[in-house]
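In my numbering, the protein residues as written are 69 to 400.
Think of the CB as a built atom: it goes at the ideal place given N, C-alpha and C, for glycine as much as any other residue.
Contents: one structure, followed by commentary.
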């Protein structure tokens, strides 16, 4: 029951207790309105739900009257191009209307006509294992929460891919960064497949000193299949950014710019041989993580920040006596 219906019922109860003049003065409701509410309540057998507002839509409304040829052309275009919007559909429809000397609807009217015709929505189909044709639903992915913020090392790591062309050859640099500590890795490869991203993530998982909890990537194909299976095996939460929204992965995008401006641009010719490039890249990343100051870390290196963070964490003393007993038994 809505709040408005509850208020009407309370006013009628007040009327029964204090009389009509007091009710009109207290609630500023007209006399005929009160009697109308009372009639509705009586016809509803005393149920307060009878005081709900009724629909005020006119019984007879204007119907859009367009030539049948225009409607048939809209149906045909919608069948051939199911995902075409009303604005693009109107441009194609305008050519037909000019050839046939028919009135031309606007884009908004085309949208309303499509709604009047039932939406004319056609979905991709698939054959189930029972042999029935069913609608193929788009696979939903877990999006990064908008209020998510990394609070400790390993809480969330981000991955992305940088694509470069060298003398007509395409090369990729897969990047990794821990959002909280700015600890970063990168690896050059000739493949854009998910297997390459899976292998690179395995290296990062072994080298990084803190276990991961969440992984953030964009919607690229390199972060599907084998990469997604790897995260599922490790029981890690895989967040995806929204399409065409790189700012949701801003930390890794900034790391991409840094590594390109400080290293890749000066060694682009080495990308023709990824193995040699990765050797000198490891030397740069070693300096990047251990010595290079970061403004986000108060001009500390990621390694210095991690060491400082670990020294401020309180250790749990639960079970320390049992640990000491085991230590003494081993030494005896």
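| query | result |
| --- | --- |
| Select from 272, 332, 287 and 268 the residue whose C-alpha is nearest the C-alpha of residue 251. | 272 |
| Whether or not the segment 299-313 and the segment 327-346 are in contact is what I'm after, with contact meaning three or more pairs of Cβ atoms, one per stretch, closer than 8 Å; do they touch? | no |
| Go ahead and pull the three-state DSSP assignment for residue 321. | helix |
| Out of 168, 136 and 307, state which residue places its alpha-carbon closest to the alpha-carbon of residue 288. | 307 |
| Following the continuous beta strand (DSSP E) through residue 185, name the residue where it begins and the one where it ends. | Where residue 185 is concerned, there is no enclosing beta strand (DSSP E), given that its DSSP letter is neither H nor E. |
| Under DSSP, the alpha helix (DSSP H) around residue 270 begins and ends at which residues? | 262-275 |
| If you draw a straight line from the alpha carbon of residue 112 to that of residue 170, how long is it in whole angstroms? | 53 Å |
| Kindly indicate which three-state DSSP category residue 170 falls into: helix, strand or coil? | coil |
| Give the secondary structure of residue 259 by DSSP, where H, G and I count as helix, E and B as strand, and everything else as coil. | coil |
| According to the neighbour-count rule (16 or more other Cβ atoms, all chains shown, within 10 Å of its Cβ), is residue 282 buried or exposed? | buried |
| Given a cut-off of 8 Å on the beta-carbon distance, is the pair residue 145 and residue 152 in contact? | yes |
| Please find out if some non-hydrogen atom of the ligand ADP comes closer than 7 Å to the beta-carbon of residue 144. | This structure simply doesn't include the ligand ADP, nor any ligand for that matter. |
| Rounding to the nearest angstrom, what Cα-Cα distance links residue 247 and residue 237 in this structure? | 32 Å |
| If you count every other CB in all the chains shown that lies within 10 Å of the CB of residue 397, and 16 or more means buried, which is it? | Confidence at residue 397 is low in this model, with a pLDDT of 41, below 50, so the placement of that residue should be treated as unreliable; the coordinate-derived value is given next. Looking at its Cβ environment, which holds fewer than 16 other Cβ atoms inside 10 Å, residue 397 is exposed. |
| Is it the case that the Cβ atoms of residue 161 and residue 142 are separated by a distance below 8 Å? | yes |
| Shortest alpha-carbon distance to residue 233 belongs to which of 264, 286, 216 and 335? | 335 |
| State the DSSP-derived secondary structure class of residue 337, mapped to helix, strand or coil. | helix |
| Using C-beta distances below 6 Å, list every residue in its chain close to residue 314, excluding the 5 sequence neighbours before and after it, in chain order. | 321 |
| Tell me the DSSP bridge mates of residue 347? | DSSP, once it has assigned bridges, lists no residue as partnering residue 347. |
| Flag this pair as yes or no: are the beta carbons of residue 116 and residue 69 separated by less than 8 Å? | yes |
| Please classify residue 333 as buried or exposed, where buried requires at least 16 neighbouring CB atoms within 10 angstroms. | exposed |
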